[in-house]
Structures are given as structure tokens and as C-alpha cells.
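Numbering (this note's numbering), first residue to last: 195 to 405.
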């Protein structure tokens with residue numbers, strides 16, 4: 195079943211969904227999920243700098259095909275940029291410059307693919323497909339509703355994490371510490387943990403397990 199939606203503002207429960215009529219918007223949800231999973235597997239399994247560059251180019255091309263606003267794409271990438279910087283520096287230190295750049299680009303490619311998926315597929319449709327796909331696991335004691343809840347919580351947390359990172363960066367810049375990774379990472383980490391605790395407390399208040 196294809197999805198057709200008119201173009202509009204950057205909206206949706208995930209905070210990244212962009213209504214549109216591009217080929218990626220019209221893909222069935224399961225096809226979008228499988229394509230993103232296959233792309234991620236290829237990025238992880240194919241090593242080397244050329245493959246990493248190709249991954250970023252492919253993900254960027256997908257964003258262009260979907261006609262996504264680039265400012266919003268960058269906003270969605272911001273949490274990934276920090277993680278990519280740490281991954282790249284770590285691999286640079288242990289395996290050399292080429293490995294460091296490749297590691298950072300691999301992570302950026304995967305994050306960008308996730309942004310494209312979130313921007314072209316409404317979160318409620320993603321959750322619905324995940325619930326349907328895991329229904330057969332009931333016989334093994336797995337509750338599809340719990341899996342769907344986990345996916346929904348994860349998706350709804352993305353805009354919060356983007357906002358936390360942006361506000362932490364603004365605060366560091368206001369103090370003249372925009373070049374200090376610690377001034378960005380520590381406050382963002384503290385606020386992220388606080389958000390996670392609030393989510394856990396809310397789930398517990400509704401009688402849902404938090405372990």
C-alpha cells in the first residue's frame with residue numbers, strides 16, 4: 195500500500211516528518227524499513243573510506259529525492275554529529291586517520307538514513323508496522339504492544355534530544371566555551387539522563403515495567 199501526502203511544514207509526532215509526494219514518501223512502510231535496514235547493514239559490513247563516502251552520498255541522494263528541507267536535515271543530524279566526532283577521534287587514535295574519517299562518515303550515513311526514514315514515514319505508521327510484524331512472537335512470550343511502545347518512546351525522544359543538544363550548544367557559546375567539547379557534552383548528557391528518568395517514571399506510573 196503506497197502513501198500519498200501533500201507537501202507541508204516539518205511536522206509529525208517525531209518532529210521530523212515532512213508530508214510530501216516524493217517516491218520515498220509513496221513507498222510502503224515495510225519497504226522503507228527494509229531499505230533502511232539493508233542500507234545500514236551495508237554500511238556496517240563494507241569497510242573502508244571509499245565505502246563510507248559512498249554511504250554518505252547515497253543517504254544524501256535519498257534526502258534530495260525526498261525533497262527534504264536541508265536545514266531540517268541538519269537539525270536531525272546534530273546529535274549524530276557529536277557521536278560521529280567521538281567515534282572518528284577514537285578510531286583515528288587507535289587505527290589512523292583514514293579509519294577515523296571512515297568511522298565518522300559511516301555513522302553519519304546511518305543517522306542520515308534514519309532521518310530520511312523519519313521524515314518520509316509518519317511515526318504512527320512505523321509503530322503500526324512494527325506491532326504487526328511482531329504479533330507472531332506472542333507464542334514466545336513477547337508482547338507486541340511493549341515493542342511498539344519502545345519504538346514510540348524512542349521516536350518521540352528524538353526531538354527532545356535535538357533540542358537539548360541545541361540549547362546546550364547555545365549555552366556554551368554564550369559563555370565563550372563553544373570550542374570546549376566538555377561544555378557541550380556534560381550539560382547535554384545530564385539533561386538527557388534527566389529526560390530518560392522522567393520517561394521511566396511516567397511508564398512506571400502507568401503500571402508498565404521499567405526494567
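Yeah, the Cβ is synthetic: ideal placement off N, Cα and C, and Gly gets one too.
Everything numeric in this text was worked out from a predicted model, so none of it was measured.
What are the boundary residues of the alpha helix (DSSP H) that residue i is part of?
i	result
residue 212	Segment: none, residue 212 is in no alpha helix (DSSP H) and carries neither H nor E.
residue 315	That residue, residue 315, is in no alpha helix (DSSP H); it is neither H nor E in DSSP.
residue 244	243-259
residue 233	223-239
Does any heavy atom of the ligand FMN sit closer than 7 Å to the C-beta of residue i?
i	result
residue 371	This structure lacks the ligand FMN; in fact it carries no ligand of any kind.
Using C-beta distances below 6 Å, list every residue in its chain close to residue i, excluding the 5 sequence neighbours before and after it, in chain order.
i	result
residue 253	303, 306, 307
residue 285	293, 294, 297
residue 392	none
Work out the CA separation of residue j and residue i for me, nearest whole Å.
i	j	result
residue 266	residue 369	26 Å
residue 214	residue 260	8 Å
residue 237	residue 327	24 Å
residue 229	residue 222	11 Å
residue 249	residue 299	8 Å
residue 244	residue 287	20 Å
residue 268	residue 333	42 Å
residue 330	residue 321	16 Å
residue 379	residue 290	24 Å
residue 338	residue 315	20 Å
residue 233	residue 247	13 Å
residue 242	residue 272	24 Å
residue 377	residue 364	10 Å
residue 335	residue 239	32 Å
residue 235	residue 371	37 Å
residue 257	residue 274	16 Å
residue 227	residue 319	11 Å
residue 362	residue 220	37 Å
residue 270	residue 264	10 Å
residue 366	residue 216	39 Å
residue 255	residue 279	22 Å
Using a Cβ-Cβ cutoff of less than 8 Å, which residues in the same chain neighbour residue i once the five nearest sequence positions on both sides are dropped?
i	result
residue 358	382, 385, 386, 389
residue 157	Since the first and last residues shown for the chain are 195 and 405, residue 157 lies out of range.
residue 231	none
Rounded to whole angstroms, how far is the Cβ of residue i from the Cβ of residue j, which I believe are closer than 8 Å?
i	j	result
residue 262	residue 313	5 Å
residue 323	residue 218	Residue 323 to residue 218, Cβ: 16 Å. No contact.
residue 281	residue 301	5 Å
Whose C-beta lies closer than 7 Å to the C-beta of residue i among residues of the same chain, with five residues either side of it excluded?
i	result
residue 277	301
Let me know the alpha helix (DSSP H) ranges lying completely inside the stretch 262-296, each 4 residues or longer, listed in chain order.
-> 264-289
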